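Residue numbers (the numbering used here): 483 to 669.
Worksheet: one structure, shown below.
Given below as structure tokens:
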């Protein structure tokens, strides 16, 4: 019996749909379909999850893999490091813009102290525009990667990268806004 046949048998025995199994494994139902049609195989970590969800020993699953032909290399379902790096580059541009925004606020504060209120307000407006641009770039990168991730394996890895960089951007944005208020309004 092939792994594809075994997965179908075990899933049906648990009275689960492909979608229900996919949700429990945190993959798309298309991935389950590809496994059950023999177009691809689950990786080692996924086999462990499958055995837990379907309540079967992992050795029973591996016994079925031995007779299965290796799948063809299908890059569209693999972890896409190029796409991750593209998102990281968006995030770095976002960070740089937030830092520039903070420097503009500091310059605006200095101009306010020097008595040049009109230029100070113009710089403050420029800082707000730079912050909005920074947030927009981060959101565009995040949504692009999120859309890509929805139809792929390895969702946890994509989410981990997305959480890390969006958190850094959010923290920088909060620091920038806090310092802008502190330097410009309070002092």
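By construction, the Cβ of each residue, glycine as well, lies at the ideal position given by its N, Cα and C atoms.
These numbers come from a predicted model, not from an experiment.
So does the segment 585-600 actually touch the segment 521-538, counting three or more Cβ pairs closer than 8 Å? no
At which residues does the alpha helix (DSSP H) containing residue 601 begin and terminate? Taking the chain shown and counting its residues from 1, the one referred to as residue 601 is at position 119. Here the alpha helix (DSSP H) through residue 601 covers 599-631.
Report the residue from 540, 570 and 654 whose alpha carbon sits nearest the alpha carbon of residue 626. Stepping through the chain shown from its first residue, residue 626 is reached at position 144. Measuring C-alpha to C-alpha distances from residue 626 to each of 540, 570 and 654 identifies 570 as the nearest.
Residue 522 (DSSP reduced to helix, strand or coil): As a working note, residue 522 is residue 40 in the chain shown. The three-state secondary structure of residue 522, taken from DSSP, is coil.
Can you give me the Cβ contacts of residue 553 inside the same chain, cut-off strictly under 7 Å, excluding the 5 residues immediately before and after it? The count along the chain shown starts at 1 and reaches residue 553 at position 71. Unreliable positioning characterises residue 553 in this predicted model, as indicated by a pLDDT of 45, which lies under 50. The coordinate reading is nonetheless provided below. So the qualifying residues of the chain are 521, 522 and 523.
Residue 591: first and last residue of the uninterrupted alpha helix (DSSP H) it sits in: Along the chain shown, one-based indexing puts residue 591 at 109. Element bounds for residue 591: 563-595.
Report buried or exposed for residue 647, applying the criterion of at least 16 other Cβ atoms within 10 angstroms of its Cβ. As a first step, residue 647 is located in the chain shown; it is residue number 165 there, counting from the start. It counts as buried.
Mind checking residue 513: buried by the 16 CB within 10 Å criterion, or exposed? Reading the chain shown from its first residue, position 31 is the one you call residue 513. So residue 513 counts as buried.
Could you check what DSSP says for residue 649 in three-state terms: helix, strand or coil? Here the question's residue 649 lines up with position 167 in the chain shown. Three-state result, residue 649: helix.
What residue from 653, 543 and 598 has the CA that sits closest to residue 484's CA? Looking up residue 484 in the chain shown gives position 2. Among 653, 543 and 598, the Cα nearest to that of residue 484 belongs to 543.
Helix, strand or coil: which one does DSSP assign to residue 509? Translated into the one-based positions of the chain shown, residue 509 becomes position 27. Here residue 509 sits in coil by DSSP.
Residue 620: which of 653, 493 and 572 sits nearest, CA to CA? Mapped onto the chain shown, residue 620 falls at position 138. The shortest Cα separation from residue 620 among 653, 493 and 572 belongs to 572.
To the nearest angstrom, how far is the alpha carbon of residue 496 from that of residue 640? Against the chain shown, residue 496 aligns to sequence position 14. Against the chain shown, residue 640 aligns to sequence position 158. Near 29 Å, if we compare the C-alpha coordinates of residue 640 and residue 496.
Coarse secondary structure for residue 495, derived from DSSP in three states: Translated into positions along the chain shown, residue 495 becomes position 13. Three-state result, residue 495: helix.
Can you tell which of 502, 489, 494 and 534 has its C-alpha closest to the C-alpha of residue 518? If you number the chain shown from 1, residue 518 lands on position 36. Out of 502, 489, 494 and 534, 489 has the C-alpha closest to the C-alpha of residue 518.
Rounded C-alpha distance that separates residue 658 from residue 505: One-based indexing of the chain shown puts residue 658 at position 176. One-based indexing of the chain shown puts residue 505 at position 23. Residue 658 and residue 505: Cα-Cα distance of roughly 39 Å.
At the level of alpha carbons, what is the spacing between residue 644 and residue 607? Here residue 644 is taken as the residue at index 162 of the chain shown, counted from 1. Here residue 607 is taken as the residue at index 125 of the chain shown, counted from 1. Their backbone Cα atoms lie some 29 Å apart in a straight line.
According to the neighbour-count rule (16 or more other Cβ atoms, all chains shown, within 10 Å of its Cβ), is residue 597 buried or exposed? Translated into the one-based positions of the chain shown, residue 597 becomes position 115. Per the 10 Å Cβ criterion, exposed.
Three-state secondary structure (DSSP) of residue 542: Here residue 542 refers to the residue found at position 60 when the chain shown is read from its first residue. Of the three classes helix, strand and coil, the one that applies to residue 542 here is helix, per DSSP.
Sequence-distant residues of its chain with Cβ nearer than 7 Å to residue 501 (five each side left out): As a working note, residue 501 is residue 19 in the chain shown. For residue 501, where only same-chain residues beyond five positions count, the Cβ hits under 7 Å are 511.
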